[in-house]
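Comments concern the structure below.
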Amino acid sequence: MPFGAHEAMEVHEILTEKINMINHFHMYAAQAKDPQLKEMIHRHLQEEIKSYDTVVSYTHDYQNFAPVSANTNMGSVQPNQIQYGLDNPSMVAPEVNSTFNDFEIASALLICHKNGAANGVKATLEIADPNLRQVLLNGAVNCVNQAYEVFLFMNQQGQYQIPTMKDHTAKTYLHSFQPVSESLKAQYVVNPGQPQGIDQAMMGSIMGNAPMNQTMNQQMNQPLHVSRSGQNMMPMGQMGGTPTSVAIQHGQNPMYGQNPMQGQMLGNQTNMQQGSQHYNH
264 MPFGAHEAME VHEILTEKIN MINHFHMYAA QAKDPQLKEM IHRHLQEEIK SYDTVVSYTH
324 DYQNFAPVSA NTNMGSVQPN QIQYGLDNPS MVAPEVNSTF NDFEIASALL ICHKNGAANG
384 VKATLEIADP NLRQVLLNGA VNCVNQAYEV FLFMNQQGQY QIPTMKDHTA KTYLHSFQPV
444 SESLKAQYVV NPGQPQGIDQ AMMGSIMGNA PMNQTMNQQM NQPLHVSRSG QNMMPMGQMG
504 GTPTSVAIQH GQNPMYGQNP MQGQMLGNQT NMQQGSQHYN H
């Protein structure tokens, strides 16, 4: 059963972008000098390769569907670890050199991941096939996390400085928004016995059954699996707290390197069942 016109065109663009990222990341890894930056590039490059192969595999036979979670865990980052304010920022201008320095490489990584996140979300909105949609959505979320990891590295190095405004100005600007009134919220309370949609059930699982970051990663790994024929619809993992059959066997979650800001950056790469394709961006 072929994909729709929008699906085919959007996936073509995503795969072309992934090829470009793989080629560029390979070049950046060879030129990077900072060990932490080089390790991060190698890790992200591995995920780009898995991502590309998984999309190609599923679009070839509609069967091999095994997206995996990101290899970064942003849950360990605390707000007070971010460095705010400008401190003699370096002057920059376009340059034409045969090699890139670490700042140029980190900047290129960040831009690649930001574009990957934006383009992945845009493509997801045009996808009808539920499995293909989940693959591209996972890729967009992983790009968001990987972009943030690059930002943390650059922020620690003083390469990505964050301009600020006076606290009074920021508070005055944002505190003009007030909470929704209790009377308005009371009009839209979901009754305990009322059936909930999939998204509501997922949110209930996030709020009541597991820590936010852990549950969101589980959601990424446990989408609804729907056959191309439409005859076999089977939930994978837990949906809204209801246990169902799990088609993916999870392995250990190794730790990946150090948190660029403080302590350790926990990895969250999942080992899939042997022989299955991996996907993470």
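Residues are numbered in my numbering as their position in the sequence shown, beginning at 1, plus a constant of 263.
Here a beta-carbon is modelled for each residue, glycine too, at the ideal position from N, C-alpha and C.
(1) Pairs of beta-carbons, one from the stretch 380–389 and one from the stretch 292–310, closer than 8 Å: are there three or more?
(2) How would you write the range of the alpha helix (DSSP H) that S353 sits in, first residue to last?
(3) What residue range does the alpha helix (DSSP H) around P442 cover?
(4) To the nearest angstrom, how far is it from the Cα of V509 to the Cα of N378?
(5) Please name the residue, chosen from F366, M417, E273 and A369, that lies closest to Q346 on a Cα-to-Cα basis.
(6) Of the choices E310, D350 and S370, whose alpha-carbon is the least far from that of P357?
(7) Between I374, Q424, Q344 and H376, which lies nearest to N351 when the distance is taken from Cα to Cα?
(8) For I345, which three-state DSSP category applies?
(9) When the Cα atoms are used, what is the spatial distance from E310 to Q326?
(10) Using only CA atoms, which one of F266, T322, L373 and S361 lies nearest to M303?
(11) Report yes if the CB atom of G383 is closer than 7 Å to the CB atom of A403, and no otherwise.
(12) Kindly identify the DSSP beta-bridge partner or partners of I425.
(13) Going by C-alpha distance, which of M428, E270, D365 and V452 is nearest G421?
(14) If you reduce the DSSP assignment to three classes, tell me which class T432 lands in.
(15) My understanding is that I285 touches L308, with C-beta atoms under 8 Å, so please give their C-beta distance in whole angstroms.
(16) Who are the near neighbours of K281 in its chain, counting only those whose CB is closer than 7 Å to its CB and skipping five residues on each side?
(17) Could you tell me the alpha carbon to alpha carbon distance between R396 and V340, rounded to whole angstroms?
(18) Which value, in whole angstroms, describes the spacing of the CA atoms of L415 and N454?
(19) Considering just the uninterrupted stretch of the alpha helix (DSSP H) at A268, what are its terminal residues?
(20) When burial is assigned at 16 or more other CB atoms within 10 Å of the CB, is N430 buried or exposed?
(21) For the putative contact between A391 and E270, defined by C-beta atoms under 8 Å, what is the C-beta separation to the nearest angstrom?
(22) Taking the continuous alpha helix (DSSP H) assigned at A380, which residues delimit it?
(23) What do you reckon, are the CB atoms on V407 and A380 nearer than 7 Å?
(24) Using the C-alpha atoms, what's the distance from L278 back to F266?
In short:
(1) For the pair of segments examined, the stretch 380–389 was found not to touch the stretch 292–310: the number of CB pairs separated by less than 8 Å stays below three.
(2) For the purposes of this step, residue 353 is identified with residue 90 of the sequence shown, where counting begins at 1. Where S353 is concerned, there is no enclosing alpha helix (DSSP H), given that its DSSP letter is neither H nor E.
(3) By one-based count along the sequence shown, residue 442 stands at place 179. If you look at P442, you'll find it isn't in any alpha helix (DSSP H); DSSP assigns it neither H nor E.
(4) Translated into positions along the sequence shown, residue 509 becomes position 246. Translated into positions along the sequence shown, residue 378 becomes position 115. Model confidence at V509 stands at a pLDDT of 35, short of 50, so the residue's coordinates are unreliable; what they give is reported in the following sentence. Those two C-alpha atoms are separated by around 33 Å.
(5) On the sequence shown, position 83 is the one that residue 346 refers to. Per the Cα distances, M417.
(6) One-based indexing of the sequence shown puts residue 357 at position 94. Comparing alpha carbon positions, the residue from E310, D350 and S370 closest to P357 is S370.
(7) On the sequence shown, position 88 is the one that residue 351 refers to. Selected option, being the one with the closest Cα: Q424.
(8) Here residue 345 is taken as the residue at index 82 of the sequence shown, counted from 1. Secondary structure at I345: coil, using DSSP grouped into helix, strand and coil.
(9) Walking along the sequence shown from the start, residue 310 turns up at place 47. Walking along the sequence shown from the start, residue 326 turns up at place 63. Going from the Cα of E310 to the Cα of Q326 covers about 21 Å.
(10) Position 40 of the sequence shown, counted from the start, is the residue given in the question as residue 303. That would be L373, whose Cα lies nearest to the Cα of M303.
(11) Within the sequence shown, numbered from 1, the residue matching residue 383 stands at position 120. Within the sequence shown, numbered from 1, the residue matching residue 403 stands at position 140. Between G383 and A403, the C-beta gap is smaller than 7 Å, which places the two residues in contact.
(12) As a first step, residue 425 is located in the sequence shown; it is residue number 162 there, counting from the start. Paired residue(s): G348.
(13) Residue 421 sits at position 158 when you count from the first residue of the sequence shown. Of the listed residues, the one whose Cα sits closest to G421 is D365.
(14) Within the sequence shown, residue 432 is the residue found at index 169, counting from 1. Helix, per DSSP.
(15) One-based indexing of the sequence shown puts residue 285 at position 22. One-based indexing of the sequence shown puts residue 308 at position 45. With a Cβ gap of about 7 Å, I285 and L308 count as contacting.
(16) Translated into the one-based positions of the sequence shown, residue 281 becomes position 18. Non-local beta-carbon contacts of K281 in its own chain, meaning distances under 7 Å to residues more than five positions away in sequence, involve E311, S314 and Y315 in chain order.
(17) On the sequence shown, residue 396 is found 133 positions in, with the first residue counted as 1. On the sequence shown, residue 340 is found 77 positions in, with the first residue counted as 1. For R396 and V340, the distance between alpha carbons rounds to 29 Å.
(18) The sequence position of residue 415 within the sequence shown is 152, counting from 1. The sequence position of residue 454 within the sequence shown is 191, counting from 1. Rounded to the nearest whole angstrom, the C-alpha separation of L415 and N454 is 42 Å.
(19) Looking up residue 268 in the sequence shown gives position 5. In the DSSP assignment, A268 falls within the alpha helix (DSSP H) that extends over A268 to Q294.
(20) Taking the first residue of the sequence shown as position 1, residue 430 is located at position 167. In the sequence on display, residue 430 carries Asp and not Asn. Exposed.
(21) Here residue 391 refers to the residue found at position 128 of the sequence shown. Here residue 270 refers to the residue found at position 7 of the sequence shown. Contact between A391 and E270 holds: CB atoms are separated by about 6 Å, below the 8 Å threshold.
(22) As a first step, residue 380 is located in the sequence shown; it is residue number 117 there, counting from the start. Its alpha helix (DSSP H) spans residues D365 to T387.
(23) Counted from its first residue, the sequence shown places residue 407 at position 144. Counted from its first residue, the sequence shown places residue 380 at position 117. Yes, they are a contact pair.
(24) The sequence position of residue 266 within the sequence shown is 3, counting from 1. The sequence position of residue 278 within the sequence shown is 15, counting from 1. One C-alpha to the other measures close to 15 Å.
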